[in-house]
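S.K.: There's a structure below that I have some questions on.
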Amino acid sequence: MSLRKLGSETMIYGLSNVLGKLLNFVLVTYFISRLMSREEFGVVADLMFWTGWLIALLVFRMDTALFRFASRGDYHPGAVFSRLDGLVQRIGLAFLLLGMVFSKPISTWLGYENQVPYVLLVMLTIFLDVVVAVPLARLRQFERAWFFVAVNLGNVIVNIFFVFLLLYLLPKYPQLIENYTPWTYRPGHEVGYYLAAVCIASLARFLALTIDTYVTFTRPAEEKLPMDFPAILPENVNKVPSWKTIFSYTAPLTLVAVAGIYNAQSGPTMLKELAGTGSMIDNLTYSGLFSAAMKIAIILNLFITAYNYAAEPFFFKQTGKDLATADRTIYADACRAYGLIATLASAGILLFLPWLSLIVPVEYHSGLVILPVLLCANLLFGLYANFSIAYKLTDRTWLGGGIALIGSIIIYFINARYAAELTIWAPAWGMLACYAVMCILAWFVSRKYFPVDYPLLRIGLYLLLALGATMLAARLEGADNWTIAGADAGAKWYIRGAVFTLLLAAFGALEHKWVRRTFF
Numbered sequence: 027m028s029l030r031k032l033g034s035e036t037m038i039y040g041l042s043n044v045l046g047k048l049l050n051f052v053l054v055t056y057f058i059s060r061l062m063s064r065e066e067f068g069v070v071a072d073l074m075f076w077t078g079w080l081i082a083l084l085v086f087r088m089d090t091a092l093f094r095f096a097s098r099g100d101y102h103p104g105a106v107f108s109r110l111d112g113l114v115q116r117i118g119l120a121f122l123l124l125g126m127v128f129s130k131p132i133s134t135w136l137g138y139e140n141q142v143p144y145v146l147l148v149m150l151t152i153f154l155d156v157v158v159a160v161p162l163a164r165l166r167q168f169e170r171a172w173f174f175v176a177v178n179l180g181n182v183i184v185n186i187f188f189v190f191l192l193l194y195l196l197p198k199y200p201q202l203i204e205n206y207t208p209w210t211y212r213p214g215h216e217v218g219y220y221l222a223a224v225c226i227a228s229l230a231r232f233l234a235l236t237i238d239t240y241v242t243f244t245r246p247a248e249e250k251l252p253m254d255f256p257a258i259l260p261e262n263v264n265k266v267p268s269w270k271t272i273f274s275y276t277a278p279l280t281l282v283a284v285a286g287i288y289n290a291q292s293g294p295t296m297l298k299e300l301a302g303t304g305s306m307i308d309n310l311t312y313s314g315l316f317s318a319a320m321k322i323a324i325i326l327n328l329f330i331t332a333y334n335y336a337a338e339p340f341f342f343k344q345t346g347k348d349l350a351t352a353d354r355t356i357y358a359d360a361c362r363a364y365g366l367i368a369t370l371a372s373a374g375i376l377l378f379l380p381w382l383s384l385i386v387p388v389e390y391h392s393g394l395v396i397l398p399v400l401l402c403a404n405l406l407f408g409l410y411a412n413f414s415i416a417y418k419l420t421d422r423t424w425l426g427g428g429i430a431l432i433g434s435i436i437i438y439f440i441n442a443r444y445a446a447e448l449t450i451w452a453p454a455w456g457m458l459a460c461y462a463v464m465c466i467l468a469w470f471v472s473r474k475y476f477p478v479d480y481p482l483l484r485i486g487l488y489l490l491l492a493l494g495a496t497m498l499a500a501r502l503e504g505a506d507n508w509t510i511a512g513a514d515a516g517a518k519w520y521i522r523g524a525v526f527t528l529l530l531a532a533f534g535a536l537e538h539k540w541v542r543r544t545f546f
């Protein structure tokens, strides 16, 4: 698999991610931010934080374990898949049963004492998303990117349909359900209806992947492997790694995943508890403001996620059986490509923020002041993802766990110490400090155990060009605040468009030879 192949798969995954998130962002966020109060919007953000955290914990990074143990010829990919998938299914089922039994005390602990159905819906959604983790990883491993796109876009479309139905149509036309079913629409339960829509979408994806797994992988020992898979020796046809081998590899990665969710999504929850005056209503308002800024920053995350979807299985395949002889240049080129696109995307988000911000209600615009900090933090996270491949390839995942733990301690300390004073700025600066430290530590690990000549000075130049373009646009407009100049009024599209075109030309002049040589 070449870097060109990595680029093409990143584009395919990006299509899924961008279209899915764009549809979800434009339609779902539009509806829920206008049909819910800011307090209810904060409740949704809080529950989604716990959802992501628990999914990361329960999957136990068996998706990465699949890439590790099924990519070097020591074990048959089908046998590895069956072992890992069965384990995740059992873990998910046990979690669901325990969640149903203890749903009432859990809802009380979360601060939603009278909303047990919220907890039950979240528990079921978590179960459905956990048990599809390994089948989704299998699609990435076998380069079935287009089916991956179809499944995940289908999930988003089903979600949008039911959000529109439950939060928009039924309040206006309750007879649609009351005349044909025994159910009655109950106003004032918008959060519950939103969670139900998310759960139904997860169920649809689960059914699609269950059918595909049954049809495609009924007899894993006889399935056809992609051409670039290492040869499987006859004695390894049904061989699987031991539980000790699996868990010693995945346990630190689980810490990385859980800490990663905390680092990326703890802002709304910490603000709910610590921000401002301490009033729950005020704190949920801060939580909603921070979440609105994150909704804009997630545009950069679309690319980062698509890149990681394609890059992780690609990097494992690239090394083959012998790490010592692996071509390190391709890792440096991949990082260079990431830096080029990520800095360009960050500049584009800031330059075109006056129009992107229209998706977010005006009352949330005051939270967009933190957007440059969030974009810088997310860009550093993408660099960390490049550097972190070193401890995954060399089976030193405990180093990754330590780095992630340090990052979480940093972000927790900054939030706990400064959230009351700085409100939404505290989690933004906390994320930036967290990812900066993690990026530096992961780079040192890479230098020691899997040296790659990453083009850091080149990426630094990209950042300077992007920063200069953003500041130039603000100066030409005469804006006082370059970070969100014109977010509400006064932005001149022709100035911003011309500056962005100038930035594209600068990047093209700088890198056109490398791009042509590497990708064409």
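Number 465 in this note's numbering belongs to position 439 of the sequence shown; there are no gaps in the numbering. For every residue, glycine included, the Cβ atom is placed at its ideal position computed from N, Cα and C.
#1: Taking the alpha-carbon positions, what's the Arg-164 to Gly-365 distance?
#2: Grab the span of the alpha helix (DSSP H) containing Thr-280 for me, first residue to last.
#3: Got a sec? Which residues, its chain only, sit under 7 Å from Thr-423 by beta carbon, not counting five neighbours each side?
#4: Assuming contact is defined by CB atoms lying nearer than 8 Å, are Ile-287 and Ala-91 in contact in what I supplied?
#5: Should Glu-216 be labelled buried (16 or more other beta-carbon atoms within 10 Å of its own) or exposed?
#6: Specify the secondary structure class of Met-62 as computed by DSSP and reduced to three states.
#7: Between the alpha carbons of Gln-344 and Ile-325, how many angstroms are there, rounded?
#8: Report the rounded CA-to-CA distance for Arg-354 versus Ala-411, giving the unit in angstroms.
#9: Taking 8 Å as the CB-CB limit, is Leu-192 close to chain B?
#10: So what does DSSP say about Pro-133, is it helix, strand or coil?
#11: Could you please give the first and the last residue of the uninterrupted alpha helix (DSSP H) stretch that includes Trp-209?
#12: So what does DSSP say about Ser-414, is it helix, strand or coil?
#13: Taking the alpha-carbon of Ile-132 as reference, which of Leu-119, Leu-376, Leu-146 has the nearest alpha-carbon?
#14: Taking the continuous alpha helix (DSSP H) assigned at Thr-420, which residues delimit it?
#15: For Thr-77, which residues in the same chain have their Cβ closer than 7 Å to its Cβ, ignoring the five residues on either side in sequence?
#16: Might you give, ordered along the chain, the residues of its own chain that have their beta carbon closer than 7 Å to the beta carbon of Arg-30, omitting 5 neighbours on each side?
#17: Distance check for Ala-337 and Leu-83, CA to CA, integer angstroms please.
#18: Just the C-alpha distance for Leu-229 and Ala-223, rounded to the nearest angstrom, thanks.
#19: Please confirm whether Tyr-144 and Leu-73 have their CB atoms less than 8 Å apart.
#20: I'd like the list of long-range same chain contacts for Gly-534, defined as Cβ closer than 7 Å, with 5 residues on each side in sequence excluded.
#21: Relative to the C-alpha of Val-525, which residue among Phe-341, Leu-377, Ile-322 is closest?
#22: Just the Cα atoms here: how many angstroms apart are Met-37 and Ala-332?
#23: Scan the region 321–390 and note each continuous beta strand (DSSP E) run of 3 residues or more that stays entirely inside, going in chain order.
#24: I believe Ala-499 touches Arg-522 by the beta-carbon criterion, under 8 Å. Please report the beta-carbon distance rounded to the nearest angstrom.
#25: What three-state label does DSSP hand Lys-250 in the structure shown?
#26: What does the Cβ neighbour count give for Val-583, buried or exposed, with the cut at 16 atoms within 10 Å?
#27: Can you check whether the CB of Phe-342 is closer than 8 Å to the CB of Phe-93?
#28: Taking Phe-329 as the reference, which of Leu-382, Val-388, Pro-387, Leu-409 has the closest Cα?
#29: Classify Asp-89 as helix, strand or coil using the three-state DSSP reduction.
#30: Apart from the five residues just before and just after Asp-479, which ones in its own chain have a Cβ nearer than 6 Å to its Cβ?
#31: Assuming Pro-481 and Cys-402 form a contact by the criterion Cβ under 8 Å, report the distance between their Cβ atoms to the nearest whole angstrom.
#32: If you draw a straight line from the C-alpha of Ala-363 to the C-alpha of Phe-128, how long is it?
#33: Of all the options Met-320, Met-62, Ile-385, which has the alpha carbon lying nearest to the alpha carbon of Pro-294?
#34: Less than 8 Å between the CB atoms is what I'm expecting for Leu-297 and Thr-449, so what's the real figure, rounded?
#35: Measuring alpha carbon to alpha carbon, tell me which residue in Leu-530, Gly-456, Leu-431 is nearest Ile-367.
M.R.: According to the structure data:
#1: 28 Å
#2: 269–300
#3: Tyr-275, Pro-278, Leu-279, Tyr-417
#4: no
#5: buried
#6: coil
#7: 29 Å
#8: 16 Å
#9: Checking the listed chains, one finds no chain B in this structure; it contains a single protein chain.
#10: A small correction: the amino acid at residue 133 is Ser; Pro does not occupy that position in the sequence shown. Note: Ser-133 maps to helix in three-state DSSP.
#11: No alpha helix (DSSP H) contains Trp-209, which DSSP labels as neither H nor E.
#12: coil
#13: Leu-146
#14: Unbroken run through Thr-420: none, as it is neither H nor E.
#15: Val-148, Thr-151, Ile-152
#16: Phe-545
#17: 22 Å
#18: 10 Å
#19: yes
#20: none
#21: Leu-377
#22: 7 Å
#23: none
#24: 5 Å
#25: With a pLDDT of only 49 at Lys-250, under the threshold of 50, the placement of this residue in the model should not be trusted; the figure read from the coordinates follows. Coil.
#26: Outside the modelled stretch of the chain, which goes from 27 to 546, sits residue 583, for which no answer is possible.
#27: yes
#28: Leu-409
#29: helix
#30: Ala-358
#31: Actually they are not in contact, since the Cβ atoms of Pro-481 and Cys-402 sit about 19 Å apart, beyond 8 Å.
#32: 48 Å
#33: Met-320
#34: 7 Å
#35: Leu-530
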